[in-house]
Amino acid sequence: MELLEGLKEGDLDAFETLFRQFQGDVYGWIMQVVRDRGIAEDLTIETFWRIYRARERFDTEGAFGAWARRVATNVAIDHIRSARNMEQLPEQLPSKETPDPAIQREIREKVERAFLRLSPKLRVAAILALVEERPYEEIASALGKPVGVIRTRVFRAVRQLRKQLERMGVTP
Amino acid sequence: MTHGDDKEIQRLLKEAFPPVDRELRRDLWPAMLGRLEARGSAVRWYDWALLALLCIWMFLCPQGILQLLYQL
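Residue numbers (the working numbering), protein chains in the order written: chain E, 28 to 199; chain H, 192 to 263.
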């Protein structure tokens with residue numbers, strides 16, 4: 028509580044303590060969405076910069092971690108929005124051996140392409156719910172939306188992905 | 192996620208986006224501090240706006256400059 032009061036008053040030491048305490052959590056959360064180490068680091072700093080700027084509006088009765096995660100999610104969505112037009116497929120780790128790696132690679136690339144066509148909000152909901160398998164309640168809290176909204180976004184993301192993939196000749 | 196089709200989409204997505212390392216490998220505080228210092232010393236937009244208004248006022252009412260100097 029003292030730290031939060033200090034942050035609200037602009038105390039840099041309090042901010043540093045909170046930063047060191049929560050930077051890992053914020054980074055990990057952003058990393059799940061953007062999946063790029065360098066970008067996740069930049070966005071972590073942007074998140075804390077926004078927190079510092081908005082510190083006077085922070086309710087010291089609330090949980091700092093939840094607030095930080097919400098700001099981080101918005102920062103990640105803003106990043107996806109701004110990077111959307113010049114987007115490239117994310118770097119991939121080598122995949123498991125499959126009977127026909129060429130076909131598997133082609134399917135994977137089509138899935139990535141279809142995914143990149145989703146709106147930023149649908150992408151964030153889909154990657155957190157389907158790829159990272161985070162609980163809907165957790166995603167809802169991070170996005171500041173009711174659970175029902177997240178369910179709807181995931182449902183719409185799946186429907187759009189299926190449609191895109193069918194157009195590309197992949198029948199899930 | 193109850194339908195088989197949805198599970199299949201999920202499987203495809205998980206294959207396309209393999210697990211990432213979520214561990215932060217370095218302390219970001221020095222970079223954060225740099226950001227705070229850089230932004231702290233930057234001239235804010237309203238400072239520029241104020242300066243622009245002052246210049247316009249001095250251009251339109253040059254006799255006001257003397258009054259201003261007198262007040263200072």
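Ideal Cβ positions, reconstructed from N, Cα and C, are used throughout, including at glycine.
Beta-carbon proximity check, residue i vs residue j, cutoff 8 Å
| i | j | result |
| --- | --- | --- |
| E/L149 | E/I166 | no |
| E/V102 | E/E73 | yes |
| E/A153 | E/A129 | no |
| E/V53 | E/V151 | no |
| E/R80 | E/L34 | no |
| E/L188 | E/I177 | no |
| H/L224 | E/Q50 | no |
| H/W220 | E/E43 | yes |
| E/R111 | E/W56 | no |
| E/W76 | H/R226 | yes |
| E/L192 | E/V158 | no |
| E/P162 | E/I107 | no |
| E/R64 | H/A207 | no |
Under 7 Å from the C-beta of residue i: neighbouring residues of chain H
| i | result |
| --- | --- |
| E/Y54 | L215 |
| E/R62 | F208 and V211 |
Rounded C-alpha distance that separates residue i from residue j
| i | j | result |
| --- | --- | --- |
| H/Q201 | E/D40 | 44 Å |
| H/P253 | H/Y237 | 23 Å |
| E/L45 | E/L145 | 34 Å |
| E/I78 | E/V98 | 7 Å |
| E/E164 | H/L242 | 49 Å |
| H/L259 | H/W248 | 11 Å |
| E/I29 | E/D38 | At residue 29 of chain E the sequence reads Glu, which differs from the Ile that was named. Going by the C-alpha atoms only, they are around 11 Å apart. |
| E/F142 | H/K205 | 12 Å |
| E/L31 | E/D86 | 9 Å |
| H/D212 | E/R84 | 33 Å |
| E/M195 | E/M58 | 28 Å |
| H/L203 | H/P210 | 13 Å |
| E/K190 | E/A90 | 40 Å |
| E/I198 | E/Q48 | The residue you asked about is not Ile; residue 198 of chain E is Thr in the sequence shown. The straight-line gap from Cα to Cα measures roughly 45 Å. |
| H/W239 | H/A229 | 17 Å |
| E/R180 | H/A222 | 35 Å |
| H/E199 | E/E88 | 43 Å |
| E/T71 | H/F250 | 46 Å |
| E/W94 | E/T100 | 10 Å |
| E/K172 | H/L244 | 43 Å |
| H/L263 | H/G255 | 12 Å |
| H/D197 | E/I104 | 24 Å |
| E/R140 | E/E133 | 11 Å |
| E/G175 | E/Q131 | 34 Å |
| E/R62 | H/C246 | 49 Å |
Closer than 7 Å at the beta carbon, the chain E residues around residue i
| i | result |
| --- | --- |
| H/M223 | F46, I72 and F75 |
| H/D197 | V185 |
| H/I200 | V185, L188, R189 and P199 |
Closer than 9 Å at the beta carbon, the chain E residues around residue i
| i | result |
| --- | --- |
| H/W220 | E43, F46, R47 and Q50 |
Chain E residues whose Cβ lies nearer than 8 Å to that of residue i
| i | result |
| --- | --- |
| H/L244 | In chain order: nothing, as chain E lies at least about 25 Å away. |
Residues that residue i contacts on chain H, provided the C-beta gap is smaller than 8 Å
| i | result |
| --- | --- |
| E/L157 | M192, I200, Q201, L204 and K205 |
| E/Y79 | L227 |
| E/I66 | Ordered by position in chain H, no residue passes the 8 Å Cβ test against E/I66, which lies about 12 Å from the chain. |
| E/M58 | V211, D212 and R213 |
Interface partners of residue i on chain H, CB under 9 Å
| i | result |
| --- | --- |
| E/E154 | Reading the sequence as shown, one finds Ile at residue 154 of chain E and not Glu. The contacting residues are L204 and F208. |
| E/F142 | L204, A207 and F208 |
> What residue ranges within the stretch 39-97 of chain E form continuous alpha helix (DSSP H) runs of no fewer than 4 residues, ordered along the chain?
Replying inline: You should have 39-61 and 64-80.
> Could you give the uninterrupted runs of the alpha helix (DSSP H) lying entirely in the stretch 122-187 of chain E, keeping only those of 4 residues or more?
Replying inline: Runs of the alpha helix (DSSP H) inside the stretch 122-187 of chain E: 128-143, 147-153 and 163-170.
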